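**Student:**
Residue numbers (our numbering): 30 to 239.
1. For residue 221, which option in 86, 213, 99 has the closest C-alpha, if you only look at C-alpha atoms?
2. Since residue 282 is in the alpha helix (DSSP H), which residue starts that stretch and which ends it?
3. Please report the distance separating the alpha-carbon of residue 88 from that of residue 155.
4. How is residue 106 classed by DSSP in three states: helix, strand or coil?
5. Which residues share a DSSP beta bridge with residue 142?
6. Just verifying my parser: in three-state terms, what is the DSSP assignment at residue 214?
7. Please classify residue 59 as buried or exposed, where buried requires at least 16 other C-beta atoms within 10 Å of its C-beta.
8. Cutting at 7 angstroms between CB atoms, please list the residues of its own chain near residue 45, excluding the five before and the five after it.
9. Between the stretch 136 to 152 and the stretch 174 to 182, are three or more C-beta pairs nearer than 8 angstroms?
10. Please say whether residue 170 and residue 73 have beta carbons closer to each other than 8 angstroms?
11. Taking only heavy atoms of the ligand PLP into account, decide whether any of them is closer than 7 angstroms to the Cβ of residue 114.
12. Quick check on DSSP: helix, strand or coil for residue 178?
13. Quick check on DSSP: helix, strand or coil for residue 207?
14. Spatial neighbours of residue 195 within its chain, please: CB distance less than 6 angstroms, with the 5 preceding and 5 following residues excluded, ordered by chain position.
15. For chain D, find out if any of its Cβ atoms is closer than 8 angstroms to the Cβ of residue 72; answer yes or no.
16. Beta-carbon separation of residue 219 and residue 211 under 8 angstroms?
17. Can you tell me the Cα-Cα spacing of residue 157 and residue 136, whole angstroms?
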């Protein structure tokens, strides 16, 4: 009987310790998510001297490729900048890697990039560590939400959340078949431009492929 009571007490103590530990982990995780969410909003907010849409002083349809490169190379968040010239179109791509000094909301494992046409930046793409639920928490429901499925294997579905205020879009690629976890945890790319997404949902789209 004593042994049973002793085991019961020990189990109760272990359960209490596990409960407290789990609570601390959950609070810590929530704090971490809140910090990344706040950093994301700060990183994507246009500076006071440059009206949205704008990032680090790079303004779509206004800033030239040369000006954008100078801004990027002078920023401590950026490690290396390179350009790729389009072989077929007049588009040009500016890509950069991160130095490690960038905010945690920016994903250092993926490059940032700016698309150039007629020597003007027209689209900035920033990889984020923030997840889908953080965007909804920070900015609310999007003004538009697009889904478009790939027609070739391996099947994927592109999701784009579009906001008018601030002028931002968030895109992600979801692997098929769709899972609830993937839906909420997929990595995101912020897109800054003066145009909303121009993708068109095809009338022949077959969601069952995903």
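Using N, Cα and C, we set each Cβ at its ideal position, and we do this for glycine too. Just so it is clear, the structure is predicted and the values come from calculations on it, not from any experiment.
**Tutor:** Short version:
1. Here residue 221 refers to the residue found at position 192 of the chain shown. Cα-wise, what sits closest to residue 221 is 86.
2. This structure cannot speak to residue 282, because the chain is shown only from 30 to 239.
3. The residue labelled residue 88 in the question sits at position 59 within the chain shown. The residue labelled residue 155 in the question sits at position 126 within the chain shown. Going from the Cα of residue 88 to the Cα of residue 155 covers about 14 angstroms.
4. Taking the first residue of the chain shown as position 1, residue 106 is located at position 77. Correct three-state label for residue 106: coil.
5. As a position in the chain shown, residue 142 is number 113, starting the count at 1. Paired residue(s): 124, 154.
6. Residue mapping note: residue 214 aligns to position 185 of the chain shown, counting from 1. Helix at residue 214.
7. To locate residue 59, count along the chain shown from 1; it is residue 30. The predicted model places residue 59 with a pLDDT of 46, which falls under 50 and marks its position as unreliable, so this point remains unresolved.
8. By one-based count along the chain shown, residue 45 stands at place 16. Any reading at residue 45 needs caution, since the residue's pLDDT is 44, under 50, leaving its predicted position unreliable; the model's value is listed next. No residues qualify anywhere along the chain.
9. no
10. Position 44 of the chain shown, counted from the start, is the residue given in the question as residue 73. Position 141 of the chain shown, counted from the start, is the residue given in the question as residue 170. Not in contact: residue 73 and residue 170 (Cβ atoms no closer than 8 angstroms).
11. Looking for the ligand PLP in the displayed structure turns up nothing, as the structure carries no ligands at all.
12. As a first step, residue 178 is located in the chain shown; it is residue number 149 there, counting from the start. Here residue 178 sits in strand by DSSP.
13. On the chain shown, position 178 is the one that residue 207 refers to. It is coil, neither helix nor strand.
14. Residue numbering aside, residue 195 sits at position 166 when the chain shown is read from its first letter. Excluding sequence neighbours, residue 195 sits near 81.
15. Here there is only one protein chain, and chain D is not present.
16. Position 190 of the chain shown, counting from 1, holds the residue named residue 219. Position 182 of the chain shown, counting from 1, holds the residue named residue 211. In this structure, residue 211 does not lie closer than 8 angstroms to residue 219 by Cβ.
17. The count along the chain shown starts at 1 and reaches residue 157 at position 128. The count along the chain shown starts at 1 and reaches residue 136 at position 107. Near 5 angstroms, if we compare the C-alpha coordinates of residue 136 and residue 157.
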